[in-house]
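Going by the numbering used here, 191 is the number at position 171 of the sequence shown; the sequence numbering is gapless. Notes follow the structure.
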Amino acid sequence: MRAREVTRCSPAGRDAPRGQWASSPMAVIPRRSCVRKTLRAEPRENRTPPIHSMKRAILTAAVLVLAACQSTSVQTYSSPEEATRAIIAAAEVGDGKEASRIFDTFARSSVQRDRVLAELVDAGVSRQEDGRYRASADVLDFVCQRYPDAVDAKESLVFALLLERGNSESAEPDLILELERAVADVRAASPAPAFWVDLAATHVAAEAGDLATARENFAAFMGAWSGEPAALTIQVEDLDRRLGAE
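Pasting the structure below:
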């Protein structure tokens, strides 16, 4: 009966003669005591087969690589309209870097560039019609940077800035500086730009205190203006009073 209650933990193994079991202090150990000793040395829940550890490491690495690929993936655009919407969204919040990245991603051929140009100019003009002059100026300014030969876009930018000036109670220095740059840009690109460029130049000269140049530009504008666009009427009247009184 005693032999049934023990486990052969002796180094001699199962083939050892029964007499050798009693010759060593470790020869006969109660079964339950042996199990407890094994559990104390290495708990079952902490023992992970090496192959499982390897699989777990490979899986973790794969997840990290996938996450990195997803975080650095570049959005692609299937049409000029889709690319234009993304460019405008970035330009309107002042993120020129992102707008340029989207443009470079999509407009890689001359055909795509021309299609995006048309979409952007239309978007800029439509914002003028909606009264969103700042948004229009931001979009058209981006167009002028990416299409340096687009005279129509440069003229439309000047007009957008004029409308923003007319919508302001006072001449903000930053806006006048934008007008000055836009006027110089369009005049450098075209020998005979749109007549409202002279009105913008009038604002710039008047704010700089150069009344002689302001009157010269204003006279050139009045010689070409027929009363349209009517959106310019209020600031034309203000400038007329100001230059006539000074």
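Note that CB positions come from ideal geometry on N, CA and C, so glycine has one too.
Secondary structure at Pro100: helix, using DSSP grouped into helix, strand and coil. With contacts defined by Cβ atoms closer than 9 Å, Ala155 and Cys164 do not form a contacting pair.
Counting only the Cα atoms, Ser190 lies some 21 Å from Ala232. Ranked by Cα distance from Ile122, the first of Ala212, Glu102 and Val141 is Glu102. Of Ala127, Ala138, Val256 and Phe126, the smallest CA-CA separation from Ala226 is found for Val256. Where Pro193 is concerned, the enclosing alpha helix (DSSP H) starts and stops at Pro193 to Ala209. The C-alpha of Tyr153 is placed about 24 Å away from the C-alpha of Ser210.
Of the candidates Val145, Asp150 and Ala240, Ala240 places its Cα closest to the Cα of Ala212. Fully enclosed alpha helix (DSSP H) runs of no fewer than 4 residues occupy 171 to 186 of the segment 168 to 193, in order along the chain. Around the Cβ of Glu175, a 10 Å sphere holds 16 or more other Cβ atoms; the residue is buried.
For Thr125, the closest alpha carbon among the candidates Ala106, Asp260 and Val145 is that of Ala106. DSSP places Glu248 outside both helix and strand once states are collapsed to three, so it counts as coil.
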